[in-house]
Amino acid sequence: MAVERLQIHTNFQPKKCGETSIVGDEDRISQLPDDILVNNILPLLSLKEAGRTSVLSSRWTNLWAHIPRLNFDAKSALHVIERHKYVEWMDSVIRSREFLSLKEFNICYRIDKSSRKSVTRWLEFAFARQLERLTLDFQENTTGTTYCFPEALLNRSTLVGFKSLKAIVFKSVSLSGGAIEFLLRNCQLLEQLVVQESETTTKLQVCGGSSLKLEHLEMVHCQGLKSLKVSAPRLTTLKVSRVKGLLLEKVPMLVNVSVNFCDDNSVSIKHAFSVLACCIPQLQTLCLTLYNCGYGWIGHVKEIDEICELPVMPKLNKLVIEYIANGDESLFKWCRIPRKDRKTKAATTIRSPHNHLKVFKFRGYYGCTNDVELLSYVLENCAVLEKIIIDPNDGIHPKEEYIPRKVIKQKLEPQVPQRIELVIL
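Residues 1 to 425, numbered by the UniProt record's numbering, are exactly what the sequence shown covers, in order.
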């Protein structure tokens, strides 16, 4: 068998700092077609970085103004003077695109009273340019100012601007149920609607026949919402934080449901499933976020078994139960072990086989006895388990209080069979 020898060129010299090759001197990026630069290269930069490319050459002067997405992200705290300058800069960017179409328009900003009129002006600009995706995110607002969606924009003269919308995300934007229903009726291509922390939405009907293309609906932390009726033939994903007043009709494609009980801690799991009855047979993913602060919803349930008696869901392949415990509260009750019998039955092997669960994720793991007990139960009873994901982050405590990743690995690796993948985030 012939063996190829590695040839080493003795005249090779390492390149010194500052030296460039002939290939390096060639500007290959500028040789790319405009559509690749505008749609694939420039969108990778921030707006300010993209704007700076205008000084590269005459060809680049106005190229950045053709970017189909405008993303104004200023979530970091801005002083009054900085905020004023930022608004002026946004105005200048928008003026430079006066006659161009726009696919995506995102504003993530700590709004104040002086900038509310500017936001409305920017919306008028966006709606007039065949907009496809709109995001208004004022969640991290610390000024106490609420932006009310200008319903004056919802008139026949601006209807053309809504025809191309496919996704709308409103976070900490006050708007009425009537305004949302107007958008649903007139945004004929709308597939995604997200409304979070809208204080003025009290009643809402998301209803339509075959013309309604909505696939994803989120109504979360809308404290004033008393009634929500959903009848959407193409809806696949629903996320809500209030089930009282929720009515589901004609949702044959609804397979992903997330219910957060933080807005209504008097509602039991049993009632929640009665509301979801029409879609339970088809559910593939179910997420439940539950709370126990010592006086939360858990105190209103007579028997802990009522929580664990989930209905038969033949197509379910992912179940997420996010339980915000009270201190060092035991999670072992989710394994149907009455608390009063825990001492006598702790050493007994509990058999409650799960023959379909493949992935188990434990968020907020910090290695206490209760955590270990629950994990042991999963290992013993989930016959086809393929992966365990451990996430010390509970979203509440500071990062420095998390148990070190190395310690978790040392403790759990001996307990987890080799056939199961252990992932520690």
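Where a beta carbon is used, it is the ideal one built from N, C-alpha and C, also for glycine.
For clarity, every value in this text was computed on a predicted model and none was experimentally measured.
Rounded to the nearest whole angstrom, the CA to CA distance from R242 to L290 is 12 Å. Closest by C-alpha distance to F149, out of K166, S172 and A167, is S172. Non-local C-beta neighbours of S258 in its own chain, meaning closer than 6 Å and more than five positions away in sequence, comprise K239 and C287, ordered along the chain. A direct Cα-to-Cα measurement between L47 and V87 gives close to 14 Å.
Across the set K166, V359 and Q282, the C-alpha of V359 shows the shortest separation from the C-alpha of L319. In this structure, T236 keeps its C-beta atom at 7 Å or more from the C-beta atom of M219. According to the DSSP secondary-structure assignment, T120 is paired through a beta bridge with no residue. By the neighbour-count definition (other C-beta atoms within 10 Å, threshold 16), C187 is a buried residue. Per DSSP, the beta bridge partners of E104 are R69 and R133. Here L165 really is in contact with L189; their C-beta atoms are around 7 Å apart, less than 8 Å. A check of alpha carbon separations from T202 across L422, I280, H221 and M90 identifies H221 as the nearest. By DSSP's assignment, Y366 forms no beta bridge with any residue. The beta carbon of E151 sits closer than 6 Å to the beta carbons of A179 from its chain, once the five residues preceding and following it are set aside; these are given in chain order. Residue pairing by DSSP puts F170 in a beta bridge opposite L136 and V195. Only exposed fits I36, as fewer than 16 other CB atoms lie within 10 angstroms of its CB. In the same chain as K250, and ignoring 5 residues on each side of it, the C-beta atoms closer than 7 Å to its own belong to S231 and P233, in chain order. The residues A383, in chain order, have a CB closer than 6 Å to that of N355 in the same chain once the five nearest residues on each side in sequence are set aside. Secondary structure note for H271: its alpha helix (DSSP H) is the uninterrupted segment I269 to V275. Between V407 and the set C108, L134 and I424, the nearest pair of CA atoms involves I424.
C-alpha of R405 to C-alpha of I269: approximately 34 Å in a straight line.
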